[in-house]
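For my numbering, add 4 to where a residue sits in the sequence shown, where the first one is 1. A quick write-up on the structure given underneath.
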Amino acid sequence: MAEVLPDDGLVRCPWSAGSAMERDYHDREWGVPLHDDRALFEFVVLEGAQAGLSWRTVLAKRERYREIFHGFDIERVARMTDKALETCLLDPGIVRNRLKVFSARDNARAALAVIEAHGSLDAWLWSFVDGEPVIHHRRGGDVPATTPVSDRMSKTLRKQGFRFVGSTICYAFMQATGMVDDHLVTCFRHTDRRTS
5 MAEVLPDDGL VRCPWSAGSA MERDYHDREW GVPLHDDRAL FEFVVLEGAQ AGLSWRTVLA
65 KRERYREIFH GFDIERVARM TDKALETCLL DPGIVRNRLK VFSARDNARA ALAVIEAHGS
125 LDAWLWSFVD GEPVIHHRRG GDVPATTPVS DRMSKTLRKQ GFRFVGSTIC YAFMQATGMV
185 DDHLVTCFRH TDRRTS
């Protein structure tokens with residue numbers, strides 16, 4: 005049975021209407037520029053975990069991911085042993101896909117290499133949009149799954165050693181972390197309407 009959400013009179017992006025969890029994520033996080041290395045790494049892992057699944061599934065498991073991946077502390081995840089990752093695969097609180105679970109460590113190691121070479125994961129990732137959010141003025145069904153920028157980001161991340169970073173995943177990452185604002189122009193969270 006679908007969750008019935010109270011009508012608060014606010015116009016939102018249609019995808020956020022499925023549950024209170026999705027609405028809260030939409031209202032508080034999605035599309036808000038994010039510049040913290042740990043939080044950006046979290047989204048790299050979670051967007052990769054989402055591949056082939058709904059975001060709602062991963063969002064519901066987010067707290068457990070934070071617990072087993074040490075709050076997404078990049079250095080700690082990079083040091084996780086095969087045994088620790090195998091134990092993660094037994095946990096029903098996450099997506100139990102071996103390649104996705106092991107990619108968290110690979111991505112942490114790649115992130116550390118980026119930080120060493122560029123000073124921060126933040127500066128490097130945001131360089132794909134020249135350090136500023138790309139604000140779209142979309143009206144409906146014209147939100148793409150990929151863009152030339154997400155294609156370039158995907159290729160570059162793969163070269164750097166990141167995994168589960170296809171162009172669709174990269175574009176979802178860019179949307180989630182505010183590198184692009186894909187809130188519809190009618191949505192109260194679109195940059196032009198945002199009050200906080």
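All C-beta atoms in this analysis are idealised placements derived from N, C-alpha and C, irrespective of residue type, glycine included. Computed from a prediction, not measured in an experiment: that's the story for all the values here.
1. Where do the N-terminal and C-terminal ends of the alpha helix (DSSP H) with Ile98 fall, by residue?
2. How long is the line joining the alpha carbons of Tyr69 and Leu63, rounded to whole angstroms?
3. With the cut-off set at 8 Å, would you say Lys104 and Gly52 are in Cβ contact?
4. Ordered along the chain, which non-local residues of its own chain (more than five positions away) have a Cβ less than 7 Å from that of His140?
5. Which one of Phe73, Arg100, Gly182, Lys159 has the shortest CA to CA distance from Ser171?
6. Let me make sure I understand the geometry here. Which of Cys191, Asp196, Arg198 has the alpha-carbon closest to that of Leu14?
7. Are the beta-carbon atoms belonging to Ser107 and Arg167 less than 8 Å from one another?
8. In the structure shown, what three-state DSSP assignment does Asp1 receive?
9. Mind checking Arg193: buried by the 16 CB within 10 Å criterion, or exposed?
10. Quick check on Asp126: buried or exposed, where buried means 16 or more other Cβ atoms within 10 Å of its Cβ?
11. With Ser171 as the anchor, note down where its alpha helix (DSSP H) starts and where it stops.
12. In or out: Glu90 buried (at least 16 other Cβ within 10 Å) or exposed?
13. First and last residue of the alpha helix (DSSP H) that includes Trp128?
14. What three-state label does DSSP hand Asp185 in the structure shown?
15. Out of curiosity, what's the CA-to-CA distance linking Arg197 and Leu38?
16. Taking buried to mean at least 16 other C-beta atoms within 10 Å of its own C-beta, is Ser20 buried or exposed?
Taking the geometry as given:
1. Unbroken run through Ile98: none, as it is neither H nor E.
2. 10 Å
3. yes
4. Val184, Asp185, Asp186
5. Lys159
6. Cys191
7. yes
8. Past the boundaries of the shown model lies residue 1; the chain is included only from 5 to 200, so the question cannot be answered.
9. buried
10. buried
11. 171 to 180
12. exposed
13. 125 to 130
14. strand
15. 19 Å
16. buried
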